[in-house]
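Residue numbers (the working numbering): 5 to 143. Structure record follows, encoded as structure tokens.
Following this line, the structure appears as structure tokens:
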């Protein structure tokens with residue numbers, strides 16, 4: 005296990021994924037958490053959080069980058085689905101017009117953390133080698 009292998013993308017995905025699991029326990033709509041108020045989306049959110057944490061674990065423990073890149077590619081796909089579901093529920097289809105069922109801070113934090121996992125996974129997929137053929141052509 006080598007923590008020095010973690011780059012910015014892996015750190016962003018891992019921290020966002022862990023925070024997303026925590027934020028799911030906060031109030032999202034009225035007095036309900038994401039566990040109570042989101043039926044299908046909660047499964048997708050948990051899958052996204054697990055993908056983000058898997059990126060970190062595979063980066064630290066694997067010898068090759070291919071394992072972490074595979075997890076990152078899956079996380080980007082799952083993250084796109086989670087982003088669609090959560091943004092629809094939070095922005096488009098708000099649960100109710102009154103204050104008892106209003107969108108709470110946890111929902112907006114959850115939306116930002118979904119974006120954080122996607123951005124971290126996307127950054128993990130980037131090629132940072134300066135000696136690659138694409139990098140040499142740009143110089």
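No residue lacks a Cβ here, since even glycine has one placed at the ideal position from N, Cα and C.
Proximity to residue i [Cα-Cα], best of the options
i, options, result
"residue 84", "23, 35, 120", "120"
"residue 57", "73, 19, 41", "19"
"residue 76", "55, 16, 31, 32", "55"
"residue 41", "123, 110, 126, 117", "110"
"residue 116", "70, 17, 5", "17"
"residue 97", "126, 7, 127, 33", "33"
"residue 47", "15, 74, 82", "82"
Inter-residue CB distance, residue i and residue j (contact presumed, cutoff 8 Å)
i, j, result
"residue 93", "residue 45", "6 Å"
"residue 13", "residue 124", "5 Å"
Residue i versus residue j: straight-line alpha-carbon distance, rounded
i, j, result
"residue 64", "residue 105", "42 Å"
"residue 129", "residue 112", "26 Å"
"residue 9", "residue 53", "20 Å"
"residue 107", "residue 43", "16 Å"
"residue 87", "residue 67", "31 Å"
"residue 31", "residue 114", "10 Å"
"residue 5", "residue 95", "41 Å"
"residue 27", "residue 78", "22 Å"
"residue 69", "residue 15", "15 Å"
"residue 74", "residue 126", "11 Å"
"residue 7", "residue 29", "29 Å"
Contact check, residue i vs residue j, beta carbons under 8 Å
i, j, result
"residue 51", "residue 62", "no"
"residue 118", "residue 24", "yes"
"residue 122", "residue 80", "yes"
"residue 36", "residue 49", "no"
Near the ligand GDP: residue i beta-carbon under 7 Å from a heavy atom
i, result
"residue 78", "This structure simply doesn't include the ligand GDP, nor any ligand for that matter."
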